[in-house]
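If you read the sequences in order, they're chains G and E. If you want our numbering, it's the position in the first sequence, counting the first as 1, plus 1309. If you want our numbering, it's the position in the second sequence, counting the first as 1, plus 1309. Some notes on the structure that comes next.
Protein chains: 2
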Amino acid sequence: MQSQNISDIIEKYLKSILADAEHVEIRRSEIADLFNVVPSQINYVIKTRFTIQNGYLVESKRGGGGYIRIEKVNLLDDADVLDTLIQVIGDSITQRDAYAVVQSLYEDGVLNRREAQLILVATDRNTLAVNDRDLENSLRARIIIGILNHLRYES
Amino acid sequence: MQSQNISDIIEKYLKSILADAEHVEIRRSEIADLFNVVPSQINYVIKTRFTIQNGYLVESKRGGGGYIRIEKVNLLDDADVLDTLIQVIGDSITQRDAYAVVQSLYEDGVLNRREAQLILVATDRNTLAVNDRDLENSLRARIIIGILNHLRYES
DNA sequence: ATAATAATAGTCAATATTAGTCAAAGATAT
DNA sequence: ATATCTTTGACTAATATTGACTATTATTAT
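Structure (structure tokens):
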């Protein structure tokens, strides 16, 4: 019940805004000032509590007029199927296995034909064209996982 | 929500004119005065937000009666859009420029929203997660070009 | 015509204004 | 005790703003 560290408090503050609004847009230093913490703590709070797994999208911009924007998105029903796939893929996947993953997503109706093709092209060995097989496989894993994470919610 | 910085505001102002007109022709100092910025900021706005990757052509003239003219071009009107884009991309492209390119393709109906999102995710810096900026940019270029070539082949 | 001047826009580098990363130190939970 | 989570701050990166200087074109004076 009682874990009232400042990160939790900041989390609740942001979520209370998100309860009424589609998204919240902050200036990092303002929130840091408000709660008397260093600015980078805001990054910590976001990184640990506003993940895509929890249904939050975060975008930001630096420079004058910079901001951090947190948006609550609707997670889709097959979100946990995606979780499983993501775990299976891990941090490396061969082109062959990637094909199988994309194929099964297509068969399940998660992707249409054109989308499946796009992903296969993007993760093709000749597209990536790195000399290092390990790097190639880990890039492929990150690209596919990135896309799977994107498929969790409706935009 | 708010475009806090003045460059975004100027961008929106110009684009609002372009929403109704074929092109917009300005006197640099007038716009600078209007928004209370130095004239060279107009160049900054144009250079960062009205590039060919964004689908805009800019021409200008100095001297008395000088002007800057911005025109929105439709890449689909051109028979060899993809060739042009591929050439512009070359073997390296930043995330920002990639965003502009994908956005243009979306606006021109080459990609639908979901496809555009997939490509942006696949080429996002955090997805690629290589800590070598040159490698990152060249991977991004290969992925986008690979996809563009695939689109050409498909249609 | 030509030269001087005025009226534009362009470039570039310095500075300002944000946010991001990372690792060390501190606190808390198991 | 140890592992995990939180807090902090030094350093980095991205973007925006500004202004001095340059380049180009038009107009005016000779």
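Positions of the beta carbon are idealized from the N, C-alpha and C atoms, including for glycine. Bear in mind that the values here come from a model prediction, so they are computed numbers and not experimental data.
Secondary structure, alpha helix (DSSP H): runs of 4+ residues fully inside the region 1340 to 1414 of chain E
If only complete runs of 4 or more residues are kept, the region 1340 to 1414 of chain E shows the alpha helix (DSSP H) at 1348 to 1358, 1390 to 1398, in order along the chain.
Would you say the region 1399 to 1411 of chain E touches the region 1439 to 1454 of chain E, given that touching needs at least three Cβ pairs under 8 Å?
Result yes; three or more Cβ-Cβ pairs closer than 8 Å.
To the nearest angstrom, how far is it from the Cα of residue 1370 of chain G to the Cα of residue 1335 of chain G?
The straight-line gap separating the alpha-carbon atoms of residue 1370 of chain G and residue 1335 of chain G is approximately 11 Å.
Sort E:1391, E:1380, E:1326 by Cα distance to residue 1360 of chain E and report the nearest one.
The shortest C-alpha separation from residue 1360 of chain E is found at E:1380.
Which value, in whole angstroms, describes the spacing of the CA atoms of residue 1415 of chain E and residue 1327 of chain G?
Taking C-alpha positions only, residue 1415 of chain E is separated from residue 1327 of chain G by approximately 30 Å.
Are there three or more Cβ pairs, one per stretch, closer than 8 Å when the region 1332 to 1352 of chain G is compared with the region 1419 to 1429 of chain G?
By the C-beta criterion, the region 1332 to 1352 of chain G is judged not to be in contact with the region 1419 to 1429 of chain G, since fewer than 3 inter-stretch pairs fall below 8 Å.
Which of helix, strand or coil DSSP assigns to residue 1419 of chain G:
Of the three classes helix, strand and coil, the one that applies to residue 1419 of chain G here is coil, per DSSP.
Reduced DSSP secondary structure (H/G/I, E/B, other) of residue 1439 of chain G
Three-state result, residue 1439 of chain G: coil.
Is any beta-carbon of chain G found at less than 7 Å from that of residue 1451 of chain E?
Closer than 7 Å to some Cβ of chain G, the Cβ of residue 1451 of chain E qualifies, so yes.
DSSP beta-bridge partners of residue 1334 of chain G:
Assignment of beta-bridge partners to residue 1334 of chain G by DSSP yields G:1378.
According to a CB-to-CB cut-off of less than 8 Å, which residues of the region 1402 to 1420 of chain E neighbour chain G?
Here the close residues number zero.
Residue environment, residue 1362 of chain E, which counts as buried when at least 16 other CB atoms sit within 10 Å
Label assigned to residue 1362 of chain E: buried.
Chain E contact for residue 1388 of chain G (CB, 7 Å cutoff)
It does not: the Cβ of residue 1388 of chain G has no partner Cβ on chain E nearer than 7 Å.
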